[in-house]
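J.: The structure under discussion is supplied below as structure tokens; questions concerning it will follow.
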Amino acid sequence: MKKLSVIITFLFSISMMEAQYLWDYGITLGGANYLGDIGGTDEPRKDFVYDMKLKETRYVFGAYLRRRISRSLNVKLGASYGKIGGDDLNTDYAPRRARNLNFTNTIKELSLLAEYTLYSDNDFGGKGLYNPNFRVYGMAGIAGFLHEPIGEYNGNNPAFAGQSTSLRELRTEGQETAYDVQGISVPMGFGFYFTYNRRIRLGWEMGYRMTFTDYLDDISGNYATDSELDGDPERIAYAMQTTPELIDEIWPGNPVMICNYDYDVMYSSDLHCGSSGSIERNPRGISKNNDGYLFMNITAGLVIQKKSRSFQAKKKKYSWLKRKTRGKRKSRAKF
Numbered sequence: 002m003k004k005l006s007v008i009i010t011f012l013f014s015i016s017m018m019e020a021q022y023l024w025d026y027g028i029t030l031g032g033a034n035y036l037g038d039i040g041g042t043d044e045p046r047k048d049f050v051y052d053m054k055l056k057e058t059r060y061v062f063g064a065y066l067r068r069r070i071s072r073s074l075n076v077k078l079g080a081s082y083g084k085i086g087g088d089d090l091n092t093d094y095a096p097r098r099a100r101n102l103n104f105t106n107t108i109k110e111l112s113l114l115a116e117y118t119l120y121s122d123n124d125f126g127g128k129g130l131y132n133p134n135f136r137v138y139g140m141a142g143i144a145g146f147l148h149e150p151i152g153e154y155n156g157n158n159p160a161f162a163g164q165s166t167s168l169r170e171l172r173t174e175g176q177e178t179a180y181d182v183q184g185i186s187v188p189m190g191f192g193f194y195f196t197y198n199r200r201i202r203l204g205w206e207m208g209y210r211m212t213f214t215d216y217l218d219d220i221s222g223n224y225a226t227d228s229e230l231d232g233d234p235e236r237i238a239y240a241m242q243t244t245p246e247l248i249d250e251i252w253p254g255n256p257v258m259i260c261n262y263d264y265d266v267m268y269s270s271d272l273h274c275g276s277s278g279s280i281e282r283n284p285r286g287i288s289k290n291n292d293g294y295l296f297m298n299i300t301a302g303l304v305i306q307k308k309s310r311s312f313q314a315k316k317k318k319y320s321w322l323k324r325k326t327r328g329k330r331k332s333r334a335k336f
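Heads up, the sequence shown is in the working numbering, so the first residue is 2 and it goes up one at a time.
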């Protein structure tokens, strides 16, 4: 009977280890960047991390609640607040630099992600202490977000010099209605975490968000005519900020006519100059590619110390063992 008790106790302890705590929660802090029409490298737009500018990285922070579904699968609810931005002056690629546009955008995101374990080690370091354990995971899911791009005027109209405004409200490409502030994205990425003493969880995570909008940076289609902008000086100013001085800096010897700016280099479109000398009907961005954003975070959290119901049931089932052994008195040797 004593041997049976030892065996049951051993098996019971294993079941306790297997019944890992189901919930954990925590906070995230890191950097945010974006892929779109503004800024980028010294080449035409590419929808790849290569096209991101490290100097344009801004902040993101948030919180999460995670639930273990199985040994390999977790589900995580997250909330994030981040800022992205870009500036054409941060690239040496002539067509982008001459466009001279910029933006910042605050992203407020709520996400639901599935995490699948790609690699695990319950005894990281091989010391036999089973502390910490280590997990590497891939993730994917869906997210909803709010956004509104803000632009700072860099053109040569002194009436707006240094001012910032909501670009969405200006409808800078002559839209009849402003684009939505709400959006849907598909997050995908990977991460890892260490769990110390089954309580403290520290990790790192990177996730790229594919969106269904091309207006995170307020750029998508063509330059609008002055009439499409209702002749509004503010809308006209923010829609096109190319200046003769900037053209002269990029292409010395051709400083006067902005209409000589060769957009064929990037957009394969013939120039058409308006009577005021502004560029009309030419591509302002590349509408066939939607924008996206990336969050890269350090994560810190706590495991909720509540065992599964099956564990509690087993504990109750074998509680008679404790009652049986309590009645026996241990003899003590006397010297």
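Glycine is no exception: its CB is placed at the ideal position from the N, C-alpha and C atoms.
Less than 8 Å between the C-beta atoms of Ala225 and Glu174, yes or no?
T.: Yes, the Cβ-Cβ distance between Ala225 and Glu174 is below 8 Å.
J.: According to DSSP, simplified to helix, strand and coil, what is Leu102?
T.: Leu102 falls in the coil class under three-state DSSP.
J.: DSSP state of Ile287, grouped into three classes?
T.: Ile287: coil per DSSP, three-state reduction.
J.: Assuming Pro234 is part of the alpha helix (DSSP H), what are its boundary residues?
T.: It spans Pro234 to Ala240 - the alpha helix (DSSP H) in which Pro234 sits, taken as one unbroken run.
J.: Taking Lys84 as the reference, which of Ser228, Tyr22, Asp124 and Gly31 has the closest Cα?
T.: With distances taken between Cα atoms, Lys84 lies closest to Gly31.
J.: Is it the case that the region 200-209 contacts the region 225-234, given that we only count it when at least three CB pairs across the two stretches are under 8 Å?
T.: No, they do not touch.
J.: I need the DSSP call for Leu272, collapsed to helix, strand or coil.
T.: With a pLDDT of only 40 at Leu272, under the threshold of 50, the placement of this residue in the model should not be trusted; the figure read from the coordinates follows. DSSP places Leu272 in coil when its eight states are reduced to three.
J.: In whole angstroms, what is the alpha-carbon distance linking Gly145 and Trp252?
T.: Taking the straight line from one Cα to the other gives about 43 Å.
J.: According to DSSP, is Ala160 helix, strand or coil?
T.: Correct three-state label for Ala160: helix.
J.: On the criterion of 16 or more Cβ atoms from any shown chain inside 10 Å, does Leu114 qualify as buried, or is it exposed?
T.: Classification of Leu114: buried, given that the 10 Å Cβ count is 16 or more.
J.: Between the C-alpha atoms of Tyr26 and Gly192, what's the straight-line distance to the nearest angstrom?
T.: Rounded to whole angstroms, Tyr26 to Gly192 spans 16 Å at the Cα level.
J.: Which ranges does the beta strand (DSSP E) cover as unbroken runs of at least 3 residues, wholly within the region 157-198, from first to last along the chain?
T.: As far as the region 157-198 is concerned, its whole beta strand (DSSP E) runs of at least 3 residues are 165-167 and 183-197.
J.: Classify Asp124 as helix, strand or coil using the three-state DSSP reduction.
T.: Looking at Asp124 - three-state DSSP - the assignment turns out to be coil, as it is neither helix nor strand.
J.: Smallest Cα separation from Arg210: which of Trp24, Tyr22, Leu23 and Asn34?
T.: Per the Cα distances, Asn34.
J.: Report all residues from its chain with a CB closer than 6 Å to the CB of Arg236; omit the five preceding and five following residues, and keep chain order.
T.: Here the set comprises Leu171 and Leu230.
J.: Given Arg68, which residues of its chain have a CB within under 8 Å of its CB, disregarding the five upstream and five downstream residues?
T.: Answer for Arg68: Leu23, Trp24, Asn75, Val76 and Lys77, listed in chain order.
J.: Looking only at C-alpha atoms, which of Ala80, Leu90 and Ser71 sits nearest to Glu57?
T.: Residue Leu90 is the option with its Cα nearest to Glu57.
J.: How is the beta strand (DSSP E) around Ile39 delimited, first residue to last?
T.: Unbroken run through Ile39: none, as it is neither H nor E.
J.: Considering only the beta carbon of each residue, do Thr300 and Asn101 sit closer than 8 Å?
T.: Cβ distance not < 8 Å, so Thr300 and Asn101 don't count as in contact.
J.: Go ahead and pull the three-state DSSP assignment for Leu90.
T.: Three-state result, Leu90: helix.
J.: Whose CA, out of Ile185, Gly184, Ile70 and Tyr194, lies closest to the CA of Gly302?
T.: Of the listed residues, the one whose Cα sits closest to Gly302 is Tyr194.
J.: To which residues does DSSP link Ser112 through a beta bridge?
T.: Bridge partners of Ser112: Gly79 and Ala144.
J.: Tell me whether Pro150 sits in a helix, a strand or coil according to DSSP, three-state version.
T.: Three-state result, Pro150: strand.
J.: Take Ser276 and list the residues in its own chain whose beta-carbon comes closer than 6 Å to its own, dropping the five residues that flank it on each side.
T.: Any reading at Ser276 must be qualified, since the residue scores a pLDDT of 46, below 50, and its modelled position is unreliable; the value itself is stated next. Nothing listed; no residue qualifies.
J.: Can you list, in chain order, the residues of its chain whose CB lies under 7 Å from that of Arg285, leaving out five sequence neighbours each side?
T.: Cβ neighbours of Arg285 beyond the five flanking positions: Glu174, Ile220, Gly222, Asn223 and Tyr224.
J.: Taking a contact to mean a Cβ-Cβ separation below 8 Å, would you say Asn106 touches Asp88 in this structure?
T.: Not in contact: Asn106 and Asp88 (Cβ atoms no closer than 8 Å).
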